[in-house]
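Worksheet for the structure shown next.
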Amino acid sequence: MIQYKSPAEIEVMRHSCLLVGEAHAAVVPFLKAGITTMLVNKIVEEFILDHQAIPSFKNYHGFPAATCISMNDAVVHGFPSDYILKDGDIISLDIGVYKNGFHGDSAYTYAIGEIGADVQKLLRVTKASLYVGIDKARQGNRIGDISNAIQEYTEKKNGFGVVREMVGHGLGRDLHEDPQVPNYGKKGYGAKLKEGMVLAIEPMINMGVRDIIQLNDGWTILTKDSKPSAHFEHDVCITKSEPDVLSSFEAIEAAEQKNENLTWSYAE
Ligand code: MG
Ligand code: MG
17 MIQYKSPAEI
27 EVMRHSCLLV
37 GEAHAAVVPF
47 LKAGITTMLV
57 NKIVEEFILD
67 HQAIPSFKNY
77 HGFPAATCIS
87 MNDAVVHGFP
97 SDYILKDGDI
107 ISLDIGVYKN
117 GFHGDSAYTY
127 AIGEIGADVQ
137 KLLRVTKASL
147 YVGIDKARQG
157 NRIGDISNAI
167 QEYTEKKNGF
177 GVVREMVGHG
187 LGRDLHEDPQ
197 VPNYGKKGYG
207 AKLKEGMVLA
217 IEPMINMGVR
227 DIIQLNDGWT
237 ILTKDSKPSA
247 HFEHDVCITK
257 SEPDVLSSFE
267 AIEAAEQKNE
277 NLTWSYAE
């Protein structure tokens, strides 16, 4: 059942969603070759706890950490380890916070040091596809309009693989609410979008084939062909007019541009 939020609830949610972006921005200055993903998680978790919030993912169905950390050919649901970041890695951080009764959930993929032009294109296209999807998040449209727009842009236009098994979702008092928001689908199909719906839209895009496998750690999802995968996620509220993006990449992008150890420019 879809949980529609009142305007007052949306403002409470906005606070949680913005806090996720701030948690990202807090760790960005530390991202560079030589640090462990364990440290990345520690910084994120401490930031969340320092802001009187709870990491949404920790212990969620037994997930072992505050942050989903998925490197290179990991699509999603990786977790911190003693792995040491090296130049050329891409690292997707998916962070969730629970505060004042509502979750925020946002993902961003970072490039450590220099990365190849092909990987830059994957990040650029995946990030752009998120906004292509958001543009369809309008009252009167259907979920399939968002899904189809992301698929057309990533798969048809750019030749990348769209992960089928993992999808976006409704967001609110629960981390995963109805409806599901696939990154593939048909225009005009699926639940009708209505004012007060909040959707976590999150394209997970593979450079190669769309197929995935699960590591025997029970969590980490990898691309079947071992090629890289990227992931960006915003929380979007359906309104009577323009889509209202509750999460923000503003602080993240500002921090990214200040960190000379990252490749941040995805311009054509
Ligand atoms: Mg997420
Ligand atoms: Mg999500």
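Throughout the sequence shown, residue numbering follows this note's numbering, covering 17 to 284 in sequence.
All C-beta atoms in this analysis are idealised placements derived from N, C-alpha and C, irrespective of residue type, glycine included.
Bear in mind the structure is a predicted one, so any value in this text is a computation, not a measurement.
Closer than 6 Å to a non-hydrogen atom of ligand 2 - does that hold for the CB of residue i?
i	result
residue 90	no
residue 218	yes
Following the continuous beta strand (DSSP E) through residue i, name the residue where it begins and the one where it ends.
i	result
residue 50	Segment: none, residue 50 is in no beta strand (DSSP E) and carries neither H nor E.
residue 239	237-239
residue 87	83-87
residue 234	That residue, residue 234, is in no beta strand (DSSP E); it is neither H nor E in DSSP.
residue 230	228-230
residue 196	193-197
Can you check which of these residues, the options, is closest to residue i by C-alpha distance?
i	options	result
residue 78	259, 233, 275	233
residue 84	236, 242, 263	236
residue 180	226, 268, 256	226
residue 23	273, 254, 172	254
residue 90	67, 125, 260, 61	125
residue 123	149, 25, 220, 96	220
residue 202	192, 158, 175, 190	158
Can you tell me where the alpha helix (DSSP H) with residue i in it begins and where it stops?
i	result
residue 271	266-274
residue 42	23-43
Give a yes or no on whether the C-beta atoms belonging to residue i and residue j are separated by under 7 Å.
i	j	result
residue 111	residue 39	yes
residue 265	residue 142	no
residue 53	residue 99	yes
residue 212	residue 74	no
residue 195	residue 204	no
At a threshold of 6 Å, does residue i count as lining ligand 1 (C-beta to nearest heavy atom)?
i	result
residue 121	yes
residue 249	yes
residue 190	no
State yes or no: is the beta carbon of residue i nearer than 7 Å to at least one beta carbon in chain C?
i	result
residue 235	In the displayed structure, chain C is absent; only one protein chain is listed.
Quick one: which unbroken alpha helix (DSSP H) runs of 4-plus residues sit fully inside the region 122-165? Chain order, please. Within the region 122-165, the runs of alpha helix (DSSP H) at least 4 residues long that lie entirely inside it are, in chain order, 133-150.
Give, in chain order, every unbroken run of the beta strand (DSSP E) that is at least 3 residues long and sits entirely within the region 63-120. 83-87, 90-92, 106-115
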